[in-house]
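Let me begin by presenting the structure, written as structure tokens, before commenting on it.
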Amino acid sequence: MISQLKSFENNVLAIEVFDGFTKEDEKICQKLFEDKLKRGFTKINVLVKLDEMRISKSSTKAFFQDILWSLRNYKKMGHLAIVAHANIVKALVPIDNVFFQRASEGRYERYFDISQMEEAMMFVNSTV
């Protein structure tokens, strides 16, 4: 399931994934993102809090649909903050940055431990 952590008037989208991630959650994420684009923002900064997510309760199909959607919309994404407390997630962020380096002009992806939530919020609200 997902919920919006906070509603922002700017180009920031902050969501939390808890328990599992389903196809319906994927549709909600896409709608929230599209709503920001409809408001005239060309790049959307996204914060995703994953510390309560349970892989065992998540849909593999929804996960892969999310990846495909993200790849199709990559140039519309600005900063991406991943907030969690999992070493595997922490290790994946630098790999993702290397993989997409050529398409990442002006876009930064960073991992934040759950204890750094305030820093993550500042990051997605920044231009650096």
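Under our numbering, the residues of the sequence shown are numbered 29 to 156, in order.
Where a beta carbon is used, it is the ideal one built from N, C-alpha and C, also for glycine.
On the CB-based measure, 16 or more other CB atoms within 10 Å of its CB, does G106 come out buried or exposed?
G106 is buried by the Cβ-count criterion.
Across which residues does DSSP place I56 in a beta bridge pair?
Its beta-bridge partners do not exist; DSSP assigns none.
To which residues does DSSP link Q32 through a beta bridge?
When DSSP reads this structure, Q32 sits in a beta bridge with I43.
Got a sec? Which residues, its chain only, sit under 7 Å from N39 by beta carbon, not counting five neighbours each side?
Counting only Cβ-Cβ distances below 7 Å, and skipping sequence neighbours, we find K64, F69, K71, I72, N73, G106.
Would you mind giving the Cβ-Cβ distance between A148 and L75, rounded to the nearest angstrom? I have them listed as a contact below 8 Å.
Contact flag correct, Cβ pair sits at about 6 Å.
Within its chain, find whatever has a CB closer than 6 Å to the CB of K77; leave out the 5 residues flanking it on each side and keep chain order.
Cβ neighbours of K77 beyond the five flanking positions: E44, V111.
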